[in-house]
Amino acid sequence: MTAPLPAEQVCYQLEPDLSSDEFVDVLRRSGLAARRPVEQPATIAGMLANADVLCTARVAGKLVGVARALSDFSYCTYLSDLAVDEAFQRRGIGRELLRRAHAAAGCHTNLILLAAPQAVAYYPRIGMTRHESCWITPASAAGLAAASPDGPVTD
56 MTAPLPAEQV CYQLEPDLSS DEFVDVLRRS GLAARRPVEQ PATIAGMLAN
106 ADVLCTARVA GKLVGVARAL SDFSYCTYLS DLAVDEAFQR RGIGRELLRR
156 AHAAAGCHTN LILLAAPQAV AYYPRIGMTR HESCWITPAS AAGLAAASPD
206 GPVTD
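For what it's worth, the working numbering labels the leading residue of the sequence shown as 56, then goes sequentially.
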């Protein structure tokens with residue numbers, strides 16, 4: 056395991072005005088870009104504009120991590136993105152981003168997420184419980200094309 060960074064070296068903050076360019080850049084550096092519509096600027100802008108919580112981690116001003124969540128602030132919070140630059144992983148940044156995003160939405164809410172396949176083993180290690188009954192209706196290409204001027208997202 057890589058040694059954690061001293062807390063004073065990582066600046067965590069709520070950053071509702073995070074730029075699309077910085078967001079896409081950290082998605083690419085984290086490996087999460089393969090599962091996000093990074094080539095569709097209008098979709099990315101909408102993802103950021105409509106997020107209820109955007110928590111960032113910066114080292115020397117450089118964005119190294121982001122947690123993006125949607126919440127009703129009463130019962131549930133959906134963590135839609137947790138991305139940490141691969142060069143900064145295994146240092147506690149993801150865990151702290153998750154903690155801070157949940158706190159911003161209210162720790163009395165249930166925190167829900169869908170794990171990327173390569174991250175499935177991570178979440179139990181930080182205290183989350185796996186839930187076996189989750190269903191998804193994937194976005195259709197036609198629906199995404201109608202909703203986004205950039206065209207459909209393909210997986």
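No residue lacks a Cβ here, since even glycine has one placed at the ideal position from N, Cα and C.
Residue i, buried or exposed, once every other Cβ within 10 Å from all chains shown has been counted against 16
i, result
"Gln64", "exposed"
"Glu94", "exposed"
"Ala124", "buried"
"Arg146", "buried"
Span separating the alpha-carbon of residue i from that of residue j
i, j, result
"Phe143", "Val119", "7 Å"
"Pro96", "Ala122", "19 Å"
"Ile191", "Leu137", "19 Å"
"Glu46", "Ala88", "Lying before the first or after the last residue shown, residue 46 is absent from the chain, which here runs from 56 to 210."
"Leu73", "Ala100", "10 Å"
"Leu166", "Thr132", "5 Å"
"Thr98", "Tyr177", "28 Å"
Residues of its chain near residue i, where Cβ-Cβ distance is below 8 Å and the 5 sequence neighbours each way are ignored
i, result
"Arg83", "Val93"
"Leu153", "Ala122, Leu134, Leu137, Leu166, Ile181"
"Thr164", "Ser126, Asp127, Phe128, Ser129, Tyr130, Cys131, Thr132, His157"
Span of the alpha helix (DSSP H) around residue i
i, result
"Arg150", "148-160"
Where the beta strand (DSSP E) through residue i begins and ends
i, result
"Tyr130", "Premise fails: Tyr130 is in no beta strand (DSSP E) and is neither H nor E."
"Val114", "108-114"
Cβ neighbours of residue i in the same chain (closer than 7 Å, five flanking residues each side left out)
i, result
"Ala159", "Leu69, Val108, Cys110"
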